[in-house]
Amino acid sequence: MSAWVFRPLVLHPQTSSGVPYRYMESVRTPRANYTLVGEVIRHVIPGATQCSIGCGGLNCKYEDPDHWSEDKQAIKGLYSSWVTENLLAMARPSTVLIEKYNIIDQFKRCGLKTVINLQRPGEHASCGPNTLEPESGFSYRPEVFMENDIYFYNFGWNDYGVASLTSILDMVKVMSFAMQEGKMSVHCHAGLGRTGVLLACYLVFTTRMTADQAIVFVRSKRPNSIQTRGQLYCVREFAQFLVPIRSIFSCAEPSTNPVTLSQFLTRQRHMLHGYERRELRHLPKIIHVICKLLLDIAEHRQVIEEDMLDVHDMTAEEEVEFERYYDFGFTKGSFGGGSMGDRPRLPGPPTKHRHANEPALFYHRKSLSYSESDVQRLGSELHLLTQPLSNFLSASNLPVACSPSLNSLHRTLATVSPVTTTYSSQNGFFPHGSLWEQKSLAEGSPLLKKRQKACQSSESECHPKQKTFGSMLFRWRKKQREKLARRVLVAQALAVDLELDGEDEHLERLHAWQSGLNMGGAWERLCTLEKDPFVLSGLMWTWLEQLKEPVISVRDVQKLDLNDSDPANPEAVFKPLDQAPREMLMCILDCMAHVLTIPEEVEAAFLERTIKAFTKMGKCSAVYPAMTEILRLVLHDMRFIAIEEDEVPFMPPGPIMLTP
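Just so we're aligned, residue 1 is where the sequence shown starts under UniProt numbering, counting upward by one.
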C-alpha cells in the first residue's frame with residue numbers, strides 16, 4: 001500500500017464515534033491491496049488452500065497473538081485496533097483465546113457491550129490450531145458473550161466479498177442503535193476486509209465523511225483494511241446510495257429529484273430503525289418532531305431528546321463542529337438570535353390603517369419567557385387581534401382563554417368575581433358564525449353538555465374563603481398570561497408563510513436547517529437548539545410544499561363529507577383519505593388544537609396555510625370553501641377534546657380555608 005501522511009487526530013473536534021469531522025480536507029483515491037489477478041485467484045481456489053497460502057493454515061497469524069506486537073493488540077490476545085474511541089476492529093476470537101486471555105473481562109473493562117460477527121458458520125475451518133465449535137460453526141460460542149451481558153449480532157458475509165447496499169444499511173442502523181449501550185467490536189476472520197468495509201460504511205452513515213475519507217481513515221487505524229476493488233467500490237456505492245434516501249428537502253443541498261409522499265415514506269422506512277420505524281410508518285418524521293417541538297414551546301416544557309428521537313447524543317465537540325459547518329447565528333439558550341430587523345408579515349385582513357402596499361398582519365419574535373410588561377407590549381404590537389392582547393388576557397377572559405376548568409378556581413377566590421361560562425364567539429372559543437358553533441348549539445354537542453354540567457357542579461360544591469391571596473393571585477394571573485402568550489405565538493407560527501413573508505435572516509436559518517437535515521446528524525441539534533416556532537413551522541410547511549405531488553388532491557377533497565363528522569371522533573371525516581395524508585393532517589390539526597383558544601384571524605390564516613401546503617390550491621378553487629369548513633369543523637372538535645384533557649384540577653399554592 002502507498003505511504004500516507006496523516007494529521008494528528010487529537011487536534012480535531014470529534015463526533016460521538018470519535019471521528020474528526022475535518023479529518024482530511026482532500027484525500028488521494030484509495031487503491032485495492034491486491035492485484036486484479038490476486039483477487040480472481042482468491043475467489044476460485046478452495047478454502048483450505050486459501051487458509052494455508054493467505055494466513056498460514058494451522059499456524060494462522062490472525063489467531064496467534066505471539067505474531068503481533070502489543071501495540072497491535074488493543075485487546076490482549078487478539079489482533080485488534082481501535083478505529084475510533086467507540087469502535088474496535090479485531091480478528092475473530094476463539095474459545096481458547098477467550099479463556100486464556102480473559103477476553104470477557106477485558107471487554108468489560110473497556111466498556112465493550114456489543115460484538116458483531118460478519119462470518120458465515122463453517123468459514124475458515126482450516127485456520128488456527130483450534131477446531132470450530134460444532135454448535136455455532138464459529139471459533140467460539142456466542143453464548144459466552146451473551147451470558148455476560150454483551151450483545152451479539154451475526155451478519156453472514158462472504159469472505160473477500162460485499163453485501164447488498166440495503167443489507168449494509170440495516171447493519172449500520174443496528175450499529176447506531178447498539179452504540180447507545182456502549183462500545184462495539186466488529187470482526188470477520190482477520191478483521192480487515194469485511195470488517196473494514198462495514199466500519200467505513202458506518203462512518204459514512206453517521207458522519208459527513210465521503211467514502212474515500214472513510215476508507216483512508218479506517219486504513220490509518222487498521223492498516224490493510226478494505227482489501228479488494230469490490231470492497232472499495234461497495235463503500236463508494238453505499239455513500240451514493242445514502243444521498244437520496246436520507247434527503248428530506250430535495251430543494252436543499254445535496255439536491256435530489258423531488259419525490260411523492262409515498263416515495264418519501266418508503267425512503268424514510270429505510271433510514272429509521274426500531275420504535276421509530278414502527279411508529280412512523282405513515283407519518284413523516286419531520287412533521288412528528290416539529291409538532292412535538294411546537295407544543296413543548298407552547299407549554300414551556302424542556303425538550304427531552306430521547307422522547308423524540310431514537311438516536312445517540314451529540315458530544316460537546318460535535319456540537320461545536322456542527323455550528324462551524326452550519327452557522328445558524330444563535331446560541332443554545334436563545335429563542336431566535338440575531339437582530340430583529342423588520343418583522344415579517346402574515347396574510348389576513350388589516351386591523352388598523354396601513355398603506356396600500358403594506359401586508360396586513362405581523363408576527364412577533366421574542367423570548368419564550370414573558371413578563372407582564374412583555375405581554376402588554378405584545379398586545380399593542382401584535383396586529384393579529386381585533387382587540388389588544390391585554391384585553392384578550394384580562395381577568396374575565398383569562399380563565400376561559402386558558403382552560404374552562406379555571407372558572408371553578410376563580411369562584412374559589414374571594415378577590416375574583418364569579419365568571420359565567422358561555423361557549424360563544426364572545427368569550428374567545430369560537431370564531432363568529434363558525435360551522436362548529438352552529439352545529440354544536442343547534443344539535444347539543446355532548447362535549448358541550450358535559451362541560452356545562454361540570455361548571456354548574458363545581459359552582460355549587462363549595463364556597464371557600466380567602467386568607468391572603470393578593471400576591472398569590474397576581475403571580476398566578478401572570479403565569480397564565482405568559483402561558484397564553486406562548487400559545488398565541490405558536491399559533492401565529494403555524495399560520496405564517498416564511499418563504500413569502502420571512503426576512504433574509506429567517507430564510508437563511510431555514511435553508512441552513514434544510515441542508516443540515518439532508519446531511520444527517522442535525523435532528524439532535526434541531527430538538528435541543530432551535531427555539532423559534534416560526535423557523536420550525538417554516539421547515540414543516542416548506543417540506544410539504546416541496547413534494548412532487550400534492551398530499552391531498554382535488555379529487556380527495558371531493559370525497560370528504562361533512563355528514564361523516566363526529567365531535568367525539570374528529571378523524572372520521574377524513575376516512576376517505578389514504579392513511580398517510582390522514583395521519584399528517586391530524587397531527588398538525590392536533591398540534592393547533594392543543595394551543596387551545598386562538599384569535600379568529602390566526603385561525604383563518606392557519607387554515608389557509610394548511611390548505612395551501614396540503615393541496616397546493618388557492619382560494620379560487622371550487623373545493624376550497626368546502627375544505628376550509630371541514631378543517632374548521634375538525635379543528636374545533638379536536639380543540640374541545642384537548643380542552644377536556646386540559647381540565648386538570650389546579651389551585652395556586654397557599655393556604656385555603658374551606659367552610660364545612
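Note that the Cβ used here is the ideal one computed from N, Cα and C, for glycine as well.
Just mark residue i as buried or exposed, buried being the case when its beta carbon has 16 or more other beta carbons within 10 Å.
i: Leu500; result: exposed
i: Asp637; result: buried
i: His594; result: buried
i: residue 682; result: Not covered by the structure: residue 682. The range shown for the chain is 1 to 660.
i: Ala622; result: exposed
i: Val204; result: buried
i: Cys620; result: exposed
i: Met90; result: buried
i: Gln227; result: buried
i: Gln492; result: buried
i: Asn569; result: exposed
i: Tyr233; result: exposed
i: Ser434; result: Since pLDDT at Ser434 reaches only 31, below the 50 mark, its modelled position is unreliable, and the value read off the structure follows with that caveat. With 16 or more other Cβ atoms within 10 Å, it is buried.
i: His67; result: exposed
i: Pro134; result: exposed
What residue does the beta strand (DSSP E) around residue i start on, and which one ends it?
i: Val115; result: 112-117
i: Ala89; result: 87-90
i: Met617; result: Element bounds for Met617: n/a, residue is neither H nor E.
i: Ser94; result: Here Ser94 belongs to no beta strand (DSSP E), and DSSP marks it neither H nor E.
i: Lys183; result: 183-187
i: Tyr202; result: That residue, Tyr202, is in no beta strand (DSSP E); its alpha helix (DSSP H) goes 193-206.
i: Phe152; result: 151-154
Give the range of the alpha helix (DSSP H) segment to which residue i is assigned.
i: Met540; result: 533-545
i: Asn518; result: 504-519
i: Tyr275; result: 275-279
i: Trp157; result: It is not in any alpha helix (DSSP H) - Trp157 carries neither H nor E in the DSSP assignment.
From residue i to residue j, what distance separates their C-alpha atoms?
i: Met584; j: Gln180; result: 30 Å
i: Ala512; j: Leu87; result: 31 Å
i: Leu80; j: Pro254; result: Per the sequence shown, residue 80 should be read as Ser rather than Leu. Spanning the two alpha carbons is a distance of roughly 36 Å.
i: Ala642; j: Arg269; result: 31 Å
i: Gly137; j: Leu112; result: 23 Å
i: His288; j: Leu494; result: 14 Å
i: Glu319; j: Arg525; result: Legend: pLDDT at Glu319 = 46, less than 50; position of this residue unreliable, value from coordinates given subsequently. Those two C-alpha atoms are separated by around 8 Å.
i: Met171; j: Asp64; result: 29 Å
i: Met627; j: Phe241; result: 39 Å
i: Ile598; j: Pro142; result: 59 Å
i: Leu544; j: Thr166; result: 27 Å
i: Leu398; j: Ala178; result: The pLDDT assigned to Leu398 is 43, lower than 50, so where the model puts this residue is not dependable; a value taken from the coordinates is nonetheless given after this. In a straight line, the C-alpha of Leu398 is about 49 Å away from that of Ala178.
i: Glu603; j: Ala298; result: 16 Å
i: Pro258; j: Lys616; result: 15 Å
i: Thr266; j: Ala252; result: 20 Å
i: Lys575; j: Val634; result: 13 Å
i: Ala485; j: Val573; result: 31 Å
i: Phe217; j: Pro30; result: 11 Å
i: Ser553; j: Tyr624; result: 11 Å
i: Lys285; j: Pro121; result: 38 Å
i: Cys60; j: Ser164; result: 29 Å
Could you pull out every residue in the same chain whose Cβ sits closer than 8 Å to the Cβ of residue i, ignoring the five residues on either side in sequence?
i: Ile103; result: Ile75, Gly77, Leu78, Pro93, Leu97
i: Arg277; result: Arg269
i: Ser262; result: Ala580
With the cut-off set at 8 Å, would you say residue i and residue j are in Cβ contact?
i: Leu577; j: Asp556; result: yes
i: Val115; j: Ser185; result: yes
i: Ala190; j: Ala211; result: no
i: Val243; j: Thr260; result: no
i: Leu192; j: Asn224; result: yes
i: Leu560; j: Ile611; result: no
i: Ile168; j: Cys201; result: yes
i: residue 745; j: Leu118; result: Residue 745 is absent from the model: the chain starts at 1 and stops at 660.
i: Ala580; j: His282; result: yes
i: Phe264; j: Gln546; result: no
i: Arg246; j: Met209; result: no
i: Lys183; j: Cys110; result: yes
i: Leu498; j: Leu510; result: yes
i: Thr95; j: Ser139; result: yes
Considering only residues of the same chain and omitting the five flanking positions on each side of residue i, which have a CB-CB separation below 6 Å?
i: Arg639; result: Ala593
i: Lys221; result: Ser81, Val83
i: Met586; result: Glu571
Answer yes or no: the CB of residue i versus the heavy atoms of the ligand ADP, is any distance below 7 Å?
i: Val595; result: In the structure on display, the ligand ADP does not appear, and there are no ligands present to speak of.
Taking 7 Å as the limit between beta carbons, can you name the residues of its chain near residue i, skipping five residues before and five after?
i: Gln231; result: Val162, Gly193, Val197
i: Arg487; result: Ala298, Val595, Leu596
For a cutoff of 8 Å on Cβ pairs, would you count residue i as touching chain D?
i: His288; result: Chain labels in this structure do not include chain D; a single protein chain is all it has.
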